[in-house]
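Step one of this worksheet: look at the structure below.
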Amino acid sequence: MATLEELAPQGDPGTLEHEEQARKIKLKTPQELYELWERQQWLSQDIDLEQDKRDFAALSDEQRHHLLWNLSSFFIGEERVTTQFSGLVMAYDDEQEEAFLASQQVDEARHMQFFDRFYREVVGYNDPEMKRRLERVREHLNDAFGKLFDESLVQAGQTLIDDPRDIEAKVDFVTTYHMVIEGALALTGQHYITEYMEGEGILPGFVEGFGNIARDEHRHVAYGTWFLAQSAGEDEALGRRMQAKLGELIPIAAGVLVPPGYEVGEEYEILGYSSAEVNEFAFKSLSRRLKAIGVPLQLEPAAA
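The numbering of the sequence shown is our numbering, which starts it at 2 and goes up by one.
Take a look at the structure:
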């Protein structure tokens with residue numbers, strides 16, 4: 002797993018070791034992030050999953066249950082974003098931003114393809130169509146996931162499609178997706194899942210692909226941080242709008258992180274990590290990004 006220091010070139014302030022560094026960071030522009038994308042290509046179909054098949058078959062029932070619950074949210078999440086991202090691509094302000102946003106939509110489709118391949122070849126979901134595999138995977142997800150991905154994200158995307166020039170709609174979408182879904186949820190999950198797999202010495206092909214996905218997503222979050230910093234710097238009302246959207250979505254996102262059988266606020270441990278660890282990691286990363294944006298987070302960490 003790449004260290005935070007190794008991920009720093011992606012431009013995501015959430016990777017900084019010390020929070021105060023976020024105030025001084027030079028955020029990467031869409032053109033710089035597009036150039037990074039060109040240098041960081043990878044092939045979802047070429048990663049060797051043979052050892053993963055053997056490792057997955059040898060997992061205990063508890064390990065398999067916990068991993069499938071975690072990974073299912075990523076598979077469905079990548080599908081949701083791939084289908085809901087077109088509004089943001091339409092909302093570009095210049096050709097450099099257009100190029101970067103188009104590259105991100107390609108990334109999301111590649112991530113979805115990698116998860117589909119893993120579920121097909123390793124987990125054993127051999128249905129003839131991806132659609133059926135996605136339906137089966139949804140059985141592992143909770144109500145909070147549906148509220149965030151099927152309601153909040155879809156609504157934000159549709160509003161932007163209706164009027165790509167609506168700057169408030171663009172701020173809402175980027176806050177929803179880049180700050181909450183990718184920044185607070187996905188990158189937190191990736192950190193702990195990858196650390197667990199590497200510690201257990203299992204699923205090396207998945208770890209390789211997941212590492213590539215994490216690198217991509219730090220690049221995406223770097224764009225979101227740049228855009229929101231530009232927007233809040235030009236109009237304080239947009240900064241307040243972002244704060245309000247975070248206040249609306251973070252309680253929902255906290256529910257997405259809670260495994261089956263628990264409620265928000267209850268302590269739990271999964272794959273050896275406590276709810277307190279997970280929530281603190283997500284909160285600190287988000288706080289660093291918001292410092293770089295110049296808008297404070299007006300919330301307390303979610304209860305463990």
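Glycine is no exception: its CB is placed at the ideal position from the N, C-alpha and C atoms.
Sixteen is the threshold: when 16 or more other Cβ atoms of the shown chains lie within 10 Å of the Cβ of P14, as they do, the residue is buried. When secondary structure is reduced to three states using DSSP, S275 falls in the strand class. Going by DSSP, V172 is part of the alpha helix (DSSP H) stretching over 168 to 175.
With respect to L37, R289 sits apart: the two C-beta atoms are not nearer than 8 Å.
The stretch 51 to 129 is shown to contain whole alpha helix (DSSP H) runs of 4 or more residues at 51 to 59, 62 to 85, 87 to 91, 96 to 119, in chain order. Using a Cβ distance threshold of 8 Å, L161 and G240 do not count as a contacting pair. One alpha carbon belongs to G234, the other to G295, and they sit about 8 Å apart. Spatial neighbours of Y263 in its own chain (CB-CB distance under 6 Å, excluding positions within 5 residues in sequence) are listed in chain order as Y269. By the C-beta density criterion, G184 is buried, having at least 16 other C-beta atoms within 10 angstroms. CA-CA distance, Y224 to R81, rounds to 19 Å. Bounds of the alpha helix (DSSP H) holding Y224 are 205 to 235. In this structure, L50 lies near V123, with their beta-carbon atoms less than 8 Å apart.
For E249, the three-state secondary structure derived from DSSP is helix. The beta-carbon distance between Y126 and R137, rounded to whole angstroms, is 6 Å. This is short enough to meet the 8 Å contact definition. In the displayed model, E270 falls within a strand according to three-state DSSP. Distances from the alpha-carbon of P252 to those of R216, L186, A230, T30 put L186 closest.
A contact between stretches requires three or more CB pairs, one per stretch, nearer than 8 Å, and the stretch 205 to 219 meets this requirement with the stretch 107 to 115. Taken through DSSP and simplified to helix, strand or coil, I194 comes out as helix. In the structure shown, W43 falls within a coil segment according to DSSP collapsed to helix, strand and coil. The beta carbon of T189 sits closer than 8 Å to those of L258, V279, F282, A283, S286, all from its chain and outside the five residues before and after it, given in chain order. Q156 carries a helical assignment under DSSP once its states are collapsed to helix, strand and coil. Boundaries of the alpha helix (DSSP H) harbouring D144: 144 to 147, taken from the DSSP string. Here P165 is near A92, since their CB atoms are less than 8 Å apart.
Here Y178 carries a helix assignment [DSSP, helix/strand/coil]. Pairing V175 with A254 gives a Cβ-Cβ distance that is not under 8 Å. Note on geometry: alpha-carbon atoms of R40 and E33 lie some 11 Å from one another. Around the Cβ of E140, a 10 Å sphere holds fewer than 16 other Cβ atoms; the residue is exposed. Q191 counts as buried, since at least 16 other C-beta atoms from the protein chains shown sit within 10 angstroms of its C-beta.
Annotation: the continuous alpha helix (DSSP H) that includes K132 extends over 131 to 139.
Residue environment for K171: buried (at least 16 other C-beta atoms within 10 angstroms of its C-beta). The beta carbon of L272 sits closer than 6 Å to the beta carbons of H67, Y197 from its chain, once the five residues preceding and following it are set aside; these are given in chain order.
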